[in-house]
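Visitor: Pasting in a structure now, in structure tokens, and then I'll have a few things to ask.
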Amino acid sequence: GHVDDLFPFFLRHAKQIFPMLDCMDDLRKISDLRLPPNWYPDARAIQRKIIFHAGPTNSGKTYHAIQRFLSAKSGIYCGPLKLLAHEIFQKSNDANVPCDLVTGEERLFANEDSRQAPHVACTIEMCSTNTPYEVAVIDEIQMIRDPARGWAWTRALLGLCAEEIHVCGEPAAIDLVTELMYTTGEEVEVRSYDRLTPLAVLDYALESLDNLRAGDCIVCFSKNDIYSVSRQIEARGLECAVIYGSLPPGTKLEQAKKFNDPDDPCKILVATDAIGMGLNLCIRRIIFNSIVKPTVNEKGEKEIDTITTSQALQIAGRAGRFGSSFKQGEVTTMHRDDLAQLKEILSEPVPPVQAAGLHPTPEQIEMFAYHLPDATLSNLIDIFVSLSQVDGMYFVCNIDDFKFLADMIQHIPLNLRSRYVFCTAPLNRKEPFVCTTLLKFARQFSRNEPLTFDWLCRHTKWPLAAPKNIKELVHLEAVHDVFDLYLWLSYRFMDMFPDAALVRDIQKKLDDIIQIGVCNITKLIRASQSAAAPGTAEVVPEDFPLSRTQREPRAVSERHGAASTEALSTAVEAAGLRRAKNVRPSRLGGRQEELKSYGRGSLANRLLREGLLTQEMLRQLESEWQDQHRNGRYGFGSKRDDQHSSKETRKKRK
């Protein structure tokens, strides 16, 4: 029944399939993912006690787990966000419990001599499965089902070497965690918590921004809605704080502090679902500006769909926080016709978490490369996933971001382990400047030329001024992400990214500059509107809709000429920049024409339409490609280099 699916796969991987036939048994063994508990022998060697703290937002479940963490002789906290790890780091040291901080981009030590403290707070991907602890806390355990990051929760749950594992999260994850622990021979003790303050769903919608009150938070699911709503609020003479996902953590904290301060005139918050976790906010009422949001499904396809019960509860639960000045939380919608549906969503039970995520390890991919030395990294991953066998309690996480980066840097000669590290870099592939920077990092790395502070300043044009419009603010956020990328790589390749301390210093200065921009966001919106011209910042019209906003594909000037675009098409295809696999139509309809026209024209044009390239980058890439072509340096040396790496592996094994 799957012949139609297999034929294109066969064509794509024909060069690898024939060598595969000789070693199929070995490949199947390497990609057998049916017994993940066996990957962690240190954890299997001890009998761990598992305590599940289950409850809704604002129930005190994490508080009780952290109290046990603080009272232990040693402990590790694993959270989904840098903000949460930083909060526990601060809280521990304030309580005279020495605690280190470990995130992908940062290491902070409690001890001045940089000796390891007995406690550590980390982002979950960074947790050690080799270090023994008395207590481990795994926060937001329901994220074990996350299509992209779920593997990190699976790894922590199965692999942490702690006498006690305290997991915190939604009751919907209890059954899966219990089943997983049954396979390790460990029992789960469930401690249930109720919400500490009441939460009321109002019988009326807000309908007009004139009806806003102090302590209100309007939740939007697009940045354009954030801009529009904040502009209209300030037009009414009210101040508002703004929080959305791509803001740096420091800016989010400052905006939260501004909103929470009873002496600050700012009494309204406009935010995305970024407020769902990681920030302590004194909110009286949550107002859903819309109840649909863009998502990415398990196959990596884009969808615009109604928010889930889990998402709605996580966001609505931020109202009426225990210990704040509001003893009861309230929730409603901006529009009357959304309210009945929101009530229905909130009243439904959260579906049980069905499966836990897994991800191929670098060791597994290296073993594949040993058997398939001619395969590219992207192909190795494809073949691995197609051959992998998983138990019904697990699924293989979406690897589209990994493959996107693997294709993008495929033409650069790197050994397999370095290539794998670059492909796991945490970046948003929708940000052209960040993707281009990673490409340049990889290219210079391959030449064994260190990425210095001076080089980075030249590349980012540092120092940078405060933004004058929204386009400049968005660019500053991208530069902040570039600094994050540098810091992330500096902990993996210290010799090649040697100036982490200097980069951290300018990143703090950039955070301050971005804060200035966000504080003046309505002025930036006005400047963007008045200066609007073809090819400049996106414009938010005065009557921009307050709900159900869908961003249309960006219009792109065709001035550059067909010859130039086709030349770049070749270069970009060589670099492997690929568009998202699919765009799924919204349930609400209205995007059929967009879908029909999606994918027409050259690759460069498609990338321009999707915002993955700008005209400036197009010219720069074309120029670089032509220079390399003239110098004879442009080619696909990576296969040869990966082959060399595989031969070295063979020699060692022999």
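Note that my numbering numbers the sequence shown so that position 41 is 228, with each residue one more than the last.
Ideal Cβ placement from N, Cα and C applies to all residues, glycine included.
1) Using 10 angstroms around the beta-carbon of A848, count the other beta-carbons present and answer buried if the total reaches 16, otherwise exposed.
2) Would you give the residue range spanned by the alpha helix (DSSP H) that E376 belongs to?
3) Measuring CA to CA, which of F571, E490 and V621 is closest to V479?
4) Can you confirm whether H646, when its beta carbon is compared against all beta carbons of chain D, has any partner nearer than 8 Å?
5) What residue does the alpha helix (DSSP H) around P549 start on, and which one ends it?
6) At 4 residues or longer, what runs of the alpha helix (DSSP H) sit wholly inside the segment 215–299?
7) In the structure shown, what three-state DSSP assignment does H598 receive?
8) With distances taken Cα to Cα, identify the nearest neighbour of P650 among I657, V661 and V666.
9) Could you give the DSSP three-state label for G544: helix, strand or coil?
10) Between the Cα of L456 and those of V429, L440 and N298, spot the shortest distance and give me the residue it belongs to.
11) Where does F680 sit, in a helix, a strand or coil, going by DSSP?
12) How many whole angstroms separate the CB atoms of I413 and T459, which I take to be in contact at a CB cut-off of 8 Å?
13) Excluding sequence positions up to five away, which residues of its chain have a Cβ less than 6 Å from the Cβ of L295?
14) With distances taken Cα to Cα, identify the nearest neighbour of G346 among Q329, P358, V324 and A282.
15) List the DSSP bridge partners of Y581.
16) Nearest-angstrom Cα distance between I470 and L257?
17) Taking the beta strand (DSSP E) that G356 belongs to, which residues open and close that run?
18) Starting from the N-terminal side, write out each stretch of the beta strand (DSSP E) that is 3 residues or longer and does not extend beyond the segment 414–438.
19) Can you tell me whether DSSP reads T370 as helix, strand or coil?
20) Determine the closest residue to K590 out of I263, F609, E426 and T316, with distance taken between C-alpha atoms.
21) Could you give the DSSP three-state label for L383: helix, strand or coil?
22) Suppose you measure from the CA of E618 to the CA of D587; what does that come to, to the nearest Å?
23) Please report how far the alpha carbon of P224 lies from the alpha carbon of L367, in whole angstroms.
24) Starting from H306, follow the alpha helix (DSSP H) in both directions and report where the run begins and ends.
25) Where does R472 land, buried or exposed, given buried means 16+ other C-beta within 10 angstroms?
26) I need the boundaries of the alpha helix (DSSP H) containing I703, first residue and last residue.
27) Below 8 Å between beta carbons: does that hold for V677 and F670?
28) Compare the beta carbon distance of I275 and V354 with 8 Å and say whether it is the shorter of the two.
29) If I'm right that Q541 touches L363 with Cβ under 8 Å, what's the distance once you round it to whole angstroms?
30) Ordered along the chain, which non-local residues of its own chain (more than five positions away) have a Cβ less than 7 Å from that of I361?
31) First and last residue of the beta strand (DSSP E) that includes K489?
32) With 16 other CB atoms within 10 Å as the buried threshold, where does L529 fall?
33) On a Cα-Cα basis, can you pick out the residue from Y391, L434 and C453 that is closest to C404?
34) Can you tell which of N707, E350 and L603 has the C-alpha that lies nearest to the C-alpha of D561?
Guide: This is what the structure holds:
1) Coverage of the chain is limited to positions 188 through 841, which leaves residue 848 absent and any answer about it impossible.
2) Along the sequence shown, one-based indexing puts residue 376 at 189. Not the alpha helix (DSSP H): E376 falls in the beta strand (DSSP E), residues V375 to S379.
3) Working through the sequence shown from its first residue, we reach residue 479 at position 292. Checking every option, the nearest Cα to that of V479 belongs to E490.
4) The structure shown has no chain D; it contains just one protein chain.
5) Position 362 of the sequence shown, counted from the first residue, corresponds to residue 549. Segment P549 to H558, the alpha helix (DSSP H) holding P549.
6) 228–231, 248–258 and 269–281
7) As a working mapping, residue 598 is identified with position 411 in the sequence shown. In this structure, H598 counts as coil in the three-state DSSP scheme.
8) Residue numbering aside, residue 650 sits at position 463 when the sequence shown is read from its first letter. Answer by Cα proximity: V666.
9) Here residue 544 refers to the residue found at position 357 of the sequence shown. Strand.
10) For the purposes of this step, residue 456 is taken as the residue at position 269 of the sequence shown. Checked all of V429, L440 and N298; the closest Cα to L456 is V429.
11) Along the sequence shown, one-based indexing puts residue 680 at 493. It is coil, neither helix nor strand.
12) Here residue 413 refers to the residue found at position 226 of the sequence shown. Here residue 459 refers to the residue found at position 272 of the sequence shown. Right, the Cβ-Cβ distance comes to about 7 Å (below 8 Å), so this counts as a contact.
13) One-based indexing of the sequence shown puts residue 295 at position 108. The residues are L288.
14) Locating residue 346 in the sequence shown gives position 159, counting from the first residue. It is V324.
15) Position 394 of the sequence shown holds residue 581. In the DSSP output, where bridge partners are listed per residue, Y581 has A543.
16) What you label residue 470 is simply residue 283 of the sequence shown in a count that begins at 1. What you label residue 257 is simply residue 70 of the sequence shown in a count that begins at 1. Going from the Cα of I470 to the Cα of L257 covers about 28 Å.
17) Working through the sequence shown from its first residue, we reach residue 356 at position 169. Where G356 is concerned, the enclosing beta strand (DSSP E) stretches over C348 to G356.
18) 427–430
19) Translated into the one-based positions of the sequence shown, residue 370 becomes position 183. It is helical.
20) Position 403 of the sequence shown holds residue 590. Among I263, F609, E426 and T316, the Cα nearest to that of K590 is on F609.
21) Numbered from its first residue, the sequence shown carries residue 383 at position 196. Correct three-state label for L383: coil.
22) Within the sequence shown, numbered from 1, the residue matching residue 618 stands at position 431. Within the sequence shown, numbered from 1, the residue matching residue 587 stands at position 400. When rounded, the distance between both Cα atoms is 16 Å.
23) In the sequence shown, residue 224 corresponds to position 37, counting from 1. In the sequence shown, residue 367 corresponds to position 180, counting from 1. C-alpha separation (whole angstroms): 9 Å.
24) Within the sequence shown, residue 306 is the residue found at index 119, counting from 1. Counting along the chain, H306 falls outside any alpha helix (DSSP H), though it belongs to the beta strand (DSSP E) covering H306 to T310.
25) Residue 472 sits at position 285 when you count from the first residue of the sequence shown. Under this definition R472 is a buried residue.
26) Position 516 of the sequence shown, counted from the first residue, corresponds to residue 703. Note, I703: alpha helix (DSSP H), A687 to C706.
27) As a position in the sequence shown, residue 677 is number 490, starting the count at 1. As a position in the sequence shown, residue 670 is number 483, starting the count at 1. Here the sequence assigns Ser to residue 677, which means Val is not the residue at that position. For S677 and F670, no; Cβs fall outside 8 Å.
28) As a working mapping, residue 275 is identified with position 88 in the sequence shown. As a working mapping, residue 354 is identified with position 167 in the sequence shown. Cβ atoms of I275 and V354: not closer than 8 Å.
29) Mapped onto the sequence shown, residue 541 falls at position 354. Mapped onto the sequence shown, residue 363 falls at position 176. About 7 Å; that satisfies the 8 Å criterion.
30) Working through the sequence shown from its first residue, we reach residue 361 at position 174. Closer than 7 Å at Cβ, skipping near neighbours: F239, A241 and V377.
31) The residue labelled residue 489 in the question sits at position 302 within the sequence shown. Note, K489: beta strand (DSSP E), K489 to T493.
32) Taking the first residue of the sequence shown as position 1, residue 529 is located at position 342. So L529 counts as buried.
33) Residue numbering aside, residue 404 sits at position 217 when the sequence shown is read from its first letter. With distances taken between Cα atoms, C404 lies closest to C453.
34) By one-based count along the sequence shown, residue 561 stands at place 374. Selected option, being the one with the closest Cα: L603.
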